[in-house]
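Asker:
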Amino acid sequence: MLYFMYTQDANFITALELAVRFGKTLIIQEMDGVEPVLYPLLRKDLIAQGPRYVVQIGEKTIDYNEDFRLFLATRNPTPFIPPDASSVVTEVNFTTTRAGLRGQLLALTIQHEKPDLEEQKTKLLQQEEDKKIQLAKLEGSLLETLATSQGNILENKELINSLNQTKASSALIQESLSESNRLQVSLDQERNAYLPLAESASKMYFIICDLSKINNMYRFSLAAFLRLFQRTLLSKQ
86 MLYFMYTQDA
96 NFITALELAV
106 RFGKTLIIQE
116 MDGVEPVLYP
126 LLRKDLIAQG
136 PRYVVQIGEK
146 TIDYNEDFRL
156 FLATRNPTPF
166 IPPDASSVVT
176 EVNFTTTRAG
186 LRGQLLALTI
196 QHEKPDLEEQ
206 KTKLLQQEED
216 KKIQLAKLEG
226 SLLETLATSQ
236 GNILENKELI
246 NSLNQTKASS
256 ALIQESLSES
266 NRLQVSLDQE
276 RNAYLPLAES
286 ASKMYFIICD
296 LSKINNMYRF
306 SLAAFLRLFQ
316 RTLLSKQ
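Shown next as structure tokens:
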């Protein structure tokens with residue numbers, strides 16, 4: 086179960102202690118820094134007491150449950166992480182990038198203009214992944230067969246037949262993967278016809294984002310921009 090908290094909450098320390106004790110997942114929101122009380126948890130300064138572990142939280146020593154998970158979240162795209170904290174946290178940045186938004190807008194455009202093209206692309210990627218898994222299994226089976234074989238390999242007819250079958254299956258899969266790559270190139274060429282639109286829309290979004298530097302009133306969410314983009318596509322039918 087997920088628990089959401091703010092450091093400003095009156096019961097923050099109590100909620101933190103309970104989450105640590107009972108192995109809950111705690112998400113602390115709107116974090117623009119790292120609170121000192123969290124450092125023992127981030128560093129995992131655990132103390133062994135018999136079969137269990139405890140950790141210091143403030144002035145209390147709390148039983149530590151290994152299922153405890155802690156996430157620090159912020160809407161600030163460039164939060165300040167002190168040097169002593171950067172070594173004990175893993176930073177995951179979900180900030181929208183130009184390339185990422187361009188790809189998202191391109192997918193929306195293709196989905197609207199040529200839905201069958203996007204469907205073909207998805208199926209092709211799935212088939213390619215399945216073929217790669219099959220190829221990996223064949224290679225694993227081949228290695229296992231060779232490792233467990235006894236006697237002279239050249240005189241083992243059953244082993245030779247198995248190797249020939251594996252080789253033939255592998256060749257078919259490789260041929261199928263090559264064909265899949267050719268089809269992907271063809272599909273990507275069709276998709277790229279809509280790339281200038283996605284590129285222009287992506288640039289427009291980041292220009293709009295810069296308006297907030299003039300006045301905070303000019304703030305627009307990505308979700309609102311995507312809705313507007315989709316409405317524009319519909320109006321051009």
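Note that the sequence shown ends on residue 322 in the working numbering; no numbers are left out. C-beta atoms are modelled at their ideal positions from N, C-alpha and C, and glycine is treated no differently.
According to DSSP, is residue 110 part of a helix, a strand, or is it coil?
Answerer: For the purposes of this step, residue 110 is taken as residue 25 along the sequence shown, with counting starting at 1. Here residue 110 sits in strand by DSSP.
Asker: Where residue 107 and residue 177 are concerned, what is the direct C-alpha to C-alpha distance, given to the nearest angstrom?
Answerer: Here residue 107 refers to the residue found at position 22 when the sequence shown is read from its first residue. Here residue 177 refers to the residue found at position 92 when the sequence shown is read from its first residue. Whole-angstrom Cα-Cα distance: 26 Å.
Asker: Between 310, 92, 164, 214, which has its C-alpha nearest residue 261's C-alpha?
Answerer: Looking up residue 261 in the sequence shown gives position 176. The candidate whose alpha carbon is nearest that of residue 261 is 214.
Asker: Can you check DSSP and say which residues form a bridge with residue 146?
Answerer: The residue labelled residue 146 in the question sits at position 61 within the sequence shown. Beta-bridge pairing links residue 146 to 141.
Asker: So, at 8 Å on beta carbons, what are the nonlocal neighbours of residue 86 in its own chain, with the 5 sequence-adjacent residues on each side left out?
Answerer: Stepping through the sequence shown from its first residue, residue 86 is reached at position 1. Counting only Cβ-Cβ distances below 8 Å, and skipping sequence neighbours, we find 109, 110.
Asker: Does the stretch 262-271 come close enough to the stretch 162-170 to have 3 or more Cβ pairs within less than 8 Å?
Answerer: Verdict: no, contact absent.
Asker: Would residue 331 be called buried (16 or more neighbouring beta carbons within 10 Å of its own) or exposed?
Answerer: The requested residue 331 does not occur in the structure, where the chain is confined to residues 86 to 322.
Asker: What first and last residue would you give for the beta strand (DSSP E) that runs through residue 91?
Answerer: As a working mapping, residue 91 is identified with position 6 in the sequence shown. Segment 87-91, the beta strand (DSSP E) holding residue 91.
Asker: Per DSSP, which one or two residues make a beta bridge with residue 131?
Answerer: As a first step, residue 131 is located in the sequence shown; it is residue number 46 there, counting from the start. BP columns for residue 131 point to 140.
Asker: With distances taken between CB atoms, is the gap from residue 117 to residue 159 smaller than 8 Å?
Answerer: Residue 117 sits at position 32 when you count from the first residue of the sequence shown. Residue 159 sits at position 74 when you count from the first residue of the sequence shown. Cβ distance < 8 Å, so residue 117 and residue 159 count as in contact.
Asker: What number of angstroms, rounded off, separates the C-alpha of residue 140 from the C-alpha of residue 155?
Answerer: For this step, residue 140 is matched to residue 55 along the sequence shown. For this step, residue 155 is matched to residue 70 along the sequence shown. Their backbone Cα atoms lie some 14 Å apart in a straight line.
Asker: Thinking residue 209 and residue 272 are a contact (beta carbons under 8 Å), I'd like their distance in whole angstroms, please.
Answerer: Within the sequence shown, residue 209 is the residue found at index 124, counting from 1. Within the sequence shown, residue 272 is the residue found at index 187, counting from 1. Yes, residue 209 and residue 272 are in contact; Cβ-Cβ is about 7 Å, under 8 Å.
Asker: Could you check what DSSP says for residue 305 in three-state terms: helix, strand or coil?
Answerer: Taking the sequence shown and counting its residues from 1, the one referred to as residue 305 is at position 220. Residue 305 falls in the coil class under three-state DSSP.
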